[in-house]
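Okay, so here's the structure we're looking at.
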Amino acid sequence: MSQHPSTPYRTPQTTPPAGSLPRRDMRDTNRGPFTPPGTALTSQRPQQTLELAQRYELLNRLGVPPVANEDFDELARDMAEQAGFLYGFVNLGLEKQTFVGLHQPPADSGYVIVGRTMSRDHGWCPEVMTRKKALPLHDVHASPRFSGNAVVDAVGIRSYFGAPLIHESGTVLGTVCVIDPEKRPLREARRIRDITINTGAQVMDHMSRALVR
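Each residue of the sequence shown is one higher than the one before, counting from 894 in my numbering.
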């Protein structure tokens, strides 16, 4: 495995290099009630529309707005560093995948800099939400089912580990995950999977505590 930069990664600045995924400045101190945009809901199948509405209702009840959050950024960073991955995400499955927690290399590192949102058709987090269990991919090209993905080419991913964010009510809010441009030995899969699962539990605990703050 090649060496990654040793300095702590920080949230990238304003100008990403060419070829990065879409960026959106989602920092927002407003923690008041929010509602889902109605136009996005109409394009979904009935079951998807119901699930999306349930996520928004639960986030609203918990007092967790779908915007970038420094606490979630810190959890994403800790998860990525424990796993030894370049990128870490706390991802809400809304109209778009929304990264309320994000950790990635510095803007001048030469690695792709990602934004705070991504299409729900990209990546493996939608699969994790559907299956409601962790998905460890030590090498995404080891399985034809998971090899063909727009994110593979856009970011150059070779390894992905994700776990679902499941509220005690049964509502799946999203995922936590780590990705990296290098594959991992199969013997490391369980350790990295457990890191994502543990981080997911910390995220849900943080969301539950937000209700009583």
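Using N, Cα and C, we set each Cβ at its ideal position, and we do this for glycine too.
Bear in mind that the values here come from a model prediction, so they are computed numbers and not experimental data.
Quick one: grab the DSSP three-state call for residue i.
i, result
"Asp1073", "strand"
"Asn1091", "helix"
"Pro1029", "strand"
"Val1065", "strand"
"Phe965", "helix"
"His1099", "helix"
"His1034", "helix"
"Val1045", "helix"
"Pro926", "With a pLDDT of only 41 at Pro926, under 50, the local geometry of the prediction cannot be trusted, and the value read off the model is given with reservation. Three-state result, Pro926: coil."
"Leu1079", "helix"
With 16 as the cutoff for other CB atoms within 10 Å, does residue i come out buried or exposed?
i, result
"Pro998", "buried"
"Met1078", "According to the sequence as given, residue 1078 is Pro; it is not Met. Its Cβ having fewer than 16 others within 10 Å, Pro1078 is exposed."
"Asp1046", "exposed"
"Asp1001", "exposed"
"Arg970", "buried"
"Thr922", "The pLDDT assigned to Thr922 is 36, lower than 50, so where the model puts this residue is not dependable, and the model offers no usable value."
Step through the CB atoms of chain D and report whether any lies within less than 8 Å of the CB of residue i.
i, result
"Ala973", "Among the protein chains of the structure shown there is no chain D, as only one such chain exists."
I'd like the span of the beta strand (DSSP E) that includes residue i, first residue to last.
i, result
"Ser1052", "1052–1059"
"Phe978", "Careful: Phe978 lies outside any beta strand (DSSP E) and carries neither H nor E."
Go to residue i, then tell me how far its alpha helix (DSSP H) extends in each direction, as first and last residue.
i, result
"Asn953", "939–955"
"Val1021", "1018–1024"
Is the beta carbon of residue i less than 8 Å from the beta carbon of residue j?
i, j, result
"Val1048", "Val983", "no"
"Gly1055", "Thr1089", "yes"
Check: Do three or more CB pairs link the segment 985–993 to the segment 1025–1037 at distances below 8 Å?
Finding: no
Note to self: Below 8 Å, how does it come out for the segment 1058–1069 and the segment 1014–1023: are there three or more Cβ pairs, yes or no?
What the structure shows: Yes, they touch.
Next item on the list: Would you check if the segment 1080–1093 and the segment 963–983 touch, i.e. whether three or more CB-CB distances between them fall below 8 Å?
Entry: Segment contact: the segment 963–983 against the segment 1080–1093, three or more CB-CB distances shorter than 8 Å; contact assigned.
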